[in-house]
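*Asks:*
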Amino acid sequence: MFKSGFVGIIGKPNVGKSTLLNSIIGEKVAIATHKPQTTRNRIMGIKNTDRGQIIFLDTPGIHKAKTPLNKYMVKTAISIYADVNVLLFIVEANTGLDKDDYLTIKSLQDIKIPVIALINKIDLVKKDSVLPVIDELRKLFTFKEIIPLSALTGYYMDTLLDVIWNFLPEGPEYFPDDMFTDSSERFLAAEIIREKVMLLTHQEIPYSTAIVLESFKEDKRKNLIHVGATINVEKDSQKGIIIGKKGSMLKEIGKRSRLEMERFFDTRIYLELFVRVQKDWTRDEKSLKEFGYRSK
Ligand SMILES: Nc1nc2c(ncn2[C@@H]2O[C@H](COP(=O)(O)OP(=O)(O)O)[C@@H](O)[C@H]2O)c(=O)[nH]1
Ligand SMILES: [Mg+2]
Numbered sequence: 006m007f008k009s010g011f012v013g014i015i016g017k018p019n020v021g022k023s024t025l026l027n028s029i030i031g032e033k034v035a036i037a038t039h040k041p042q043t044t045r046n047r048i049m050g051i052k053n054t055d056r057g058q059i060i061f062l063d064t065p066g067i068h069k070a071k072t073p074l075n076k077y078m079v080k081t082a083i084s085i086y087a088d089v090n091v092l093l094f095i096v097e098a099n100t101g102l103d104k105d106d107y108l109t110i111k112s113l114q115d116i117k118i119p120v121i122a123l124i125n126k127i128d129l130v131k132k133d134s135v136l137p138v139i140d141e142l143r144k145l146f147t148f149k150e151i152i153p154l155s156a157l158t159g160y161y162m163d164t165l166l167d168v169i170w171n172f173l174p175e176g177p178e179y180f181p182d183d184m185f186t187d188s189s190e191r192f193l194a195a196e197i198i199r200e201k202v203m204l205l206t207h208q209e210i211p212y213s214t215a216i217v218l219e220s221f222k223e224d225k226r227k228n229l230i231h232v233g234a235t236i237n238v239e240k241d242s243q244k245g246i247i248i249g250k251k252g253s254m255l256k257e258i259g260k261r262s263r264l265e266m267e268r269f270f271d272t273r274i275y276l277e278l279f280v281r282v283q284k285d286w287t288r289d290e291k292s293l294k295e296f297g298y299r300s301k
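With the working numbering as the guide, the letters of the sequence shown map in order to residues 6 to 301.
Set out below in structure tokens:
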């Protein structure tokens, strides 16, 4: 029997949703950093096996959003509930539950699909400390299962997949079996650059950056892809920081992005980066649309 279905990954920012997705798929389909709100869009990862096909949807972290960008992100997360067979709700073992976890649980109240709770990052805690988290989760919602695991070390990830199969119906292959994401190469390239900016910059800069891919031209004969991208920031002062002393920051962002793109696309990359100020874009609906953060 061939099984298939859609599985949503939700939870507050930084609990390890994207890390979990990458670990299951075995490819870096979603960027993941130690900073909250790294993921801004719905990201699809497709797991193809002999038993069937599971389509995972990774989402931005659910939190009390204030700016239009953050509101869009939370809306994107909650909008997948209607499209999935199963939801994976992730919390962290190391911090316990907080108000954003409660907010996420509140969003589950009216849904009919099975929800599995995952207590991630158990590599960071002693075994005993997971028990109170399990107790608290039990009191808050009727989860079908509660599984402690570590997306980073892979601990109990096999158990998770076994459990997911139990909740999936017999079904067709929704996507070709050599496909592992629906993201375009252009989107993946832009996300790689955004990840490097998030890792290399501080304070508000990671949250004020949007990448626009200007060009993505493949030269098969030369085994080369020419990538041109603009890093958009919100303020003039941020532009200076992205460029750095004598261009040193931009050079480092470019170097790290190029190296990762070369690994990912398995080809040489010629990367050209530009920096531009789009005043207060995270608060401006038109700019959000322009940068691909549009409400459906
Ligand atoms: N120690 C540990 N760190 C983890 C684990 N899973 C994720 N992380 C880290 O937690 C941070 C946030 O991960 P990310 O996947 O971006 O979280 P998201 O915002 O929920 O998508 C990153 O620094 C990850 O490396 C885990 O199982 N153990
Ligand atoms: Mg994420």
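Beta carbons are placed, not taken as given, at the ideal position from N, Cα and C, and that holds for glycine.
Taking 8 Å as the cut-off, does the segment 280-290 touch the segment 240-248 (at least 3 CB pairs, one atom from each stretch)?
*Replies:* Segments in contact, yes.
*Asks:* Is S23 near ligand 1, in the sense that its beta carbon is under 8 Å from a heavy atom of that ligand?
*Replies:* The answer is yes for S23.
*Asks:* Given this structure, state the Cα-to-Cα distance separating I85 from A70, to the nearest angstrom.
*Replies:* Using only the alpha carbons, I get a separation of about 18 Å.
*Asks:* Expressed to the nearest angstrom, what Euclidean distance is found between the alpha-carbon atoms of G252 and T206?
*Replies:* G252 and T206: Cα-Cα distance of roughly 14 Å.
*Asks:* Could you give the first and the last residue of the continuous beta strand (DSSP E) run that contains M49?
*Replies:* Start and end: I48 to N53.
*Asks:* Going by beta-carbon coordinates alone, are L173 and G57 separated by less than 9 Å?
*Replies:* Yes. Within cutoff.
*Asks:* Once you ignore the five residues that flank K256 on each side, which residues in its own chain have a CB closer than 7 Å to its CB?
*Replies:* Contacts found: none.
*Asks:* Regarding P174 and ligand 1, is the C-beta to nearest heavy atom distance less than 8 Å?
*Replies:* No, Cβ of P174 sits at least 8 Å from all heavy atoms of ligand 1.
*Asks:* Taking only heavy atoms of ligand 1 into account, decide whether any of them is closer than 8 Å to the Cβ of T158.
*Replies:* The answer is yes for T158.
*Asks:* Taking the C-alpha atoms as reference points, what is the distance between V138 and P153?
*Replies:* Approximately 10 Å between the Cα atoms of the pair.
*Asks:* With a threshold of 8 Å, establish whether the CB of S155 neighbours any heavy atom of ligand 1.
*Replies:* Yes - ligand 1 has a heavy atom lying nearer than 8 Å to the Cβ of S155.
*Asks:* Classify D63 as helix, strand or coil using the three-state DSSP reduction.
*Replies:* Of the three classes helix, strand and coil, the one that applies to D63 here is strand, per DSSP.
*Asks:* Please classify N171 as buried or exposed, where buried requires at least 16 neighbouring CB atoms within 10 angstroms.
*Replies:* Looking at its Cβ environment, which holds fewer than 16 other Cβ atoms inside 10 Å, N171 is exposed.
*Asks:* If you count every other CB in all the chains shown that lies within 10 Å of the CB of G31, and 16 or more means buried, which is it?
*Replies:* Per the 10 Å Cβ criterion, exposed.
*Asks:* What would DSSP say about Y298, mapped onto helix, strand or coil?
*Replies:* In this structure, Y298 counts as coil in the three-state DSSP scheme.
*Asks:* From D140 to R288, what does the alpha carbon distance come to, in whole angstroms?
*Replies:* Using only the alpha carbons, I get a separation of about 40 Å.
*Asks:* Ignore the nearest five residues each way along the sequence and tell me which others in L157's own chain have a CB closer than 8 Å to its CB.
*Replies:* Here the set comprises G21, T24, S28, K126 and D128.
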